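Enquirer: Going by UniProt numbering, the sequence shown opens with residue 1, and the numbers climb by one from there. Built from N, CA and C at the ideal position, the CB exists for glycine as well. None of the values given here were measured: they were computed from a predicted structure. Sharing a structure below in structure tokens format, with a few things to ask.
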Amino acid sequence: MPYAEDNRAFIHRTLGDLVRPERNQAEKCWEIARTHMRAMVEGLAERYGSVEVTIDFRTTSKCDTRCRDAGHDDCDCQCLGENHGGAAYWRGWIEVGETTLVEVGIARRTFLVVRR
């Protein structure tokens with residue numbers, strides 16, 4: 001949200017006095033708990049007419065050791081062959097279970113919310 005003297009007060013009016021928003025100086029943004037996101041986005045859209053929202057969330061990719069270790073052309077894995085035969089050797093796969101591989105990362109999504 002653009003700088004304004006009353007930004008912290010606006011957050012408290014929108015989310016309640018018990019909320020403790022943190023200012024991320026490096027990213028030049030406010031950080032709030034996920035449970036308050038909907039109310040905050042609606043309040044910002046009402047205040048400014050629209051708001052661009054960026055969300056960082058943890059993602060999990062799944063593959064299979066049989067795909068990663070394959071030496072032939074057959075693959076029925078959800079990666080659609082991206083990791084076939086160890087093609088994505090640089091990925092930080094964690095083996096869980098007998099054959100399942102997972103990779104955890106962070107994804108960022110941005111979207112525009114317009115006042116109703």
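Output needed for H12: all residues of its chain with C-beta closer than 7 Å, excluding positions within five of it in sequence on either side, in chain order.
Expert: V19
Enquirer: Name the one or two DSSP bridge partners that N7 has.
Expert: For N7, which the question treats as bridged, DSSP gives no partner whatsoever.
Enquirer: Compute the Euclidean distance between the alpha carbons of R91 and E103, then round it to the nearest angstrom.
Expert: 7 Å
Enquirer: For E46 and T54, what's the separation of their Cα atoms in angstroms?
Expert: 18 Å
Enquirer: Excluding the 5 residues preceding and the 5 following W30 in the sequence, name in chain order all residues of the same chain whose CB lies nearer than 8 Å to its CB.
Expert: Apart from the 5 residues on each side of it in sequence, W30 sits with its Cβ closer than 8 Å to the Cβ of M1, N7, I11, P21, E22, R23, N24 in its chain, given in chain order.
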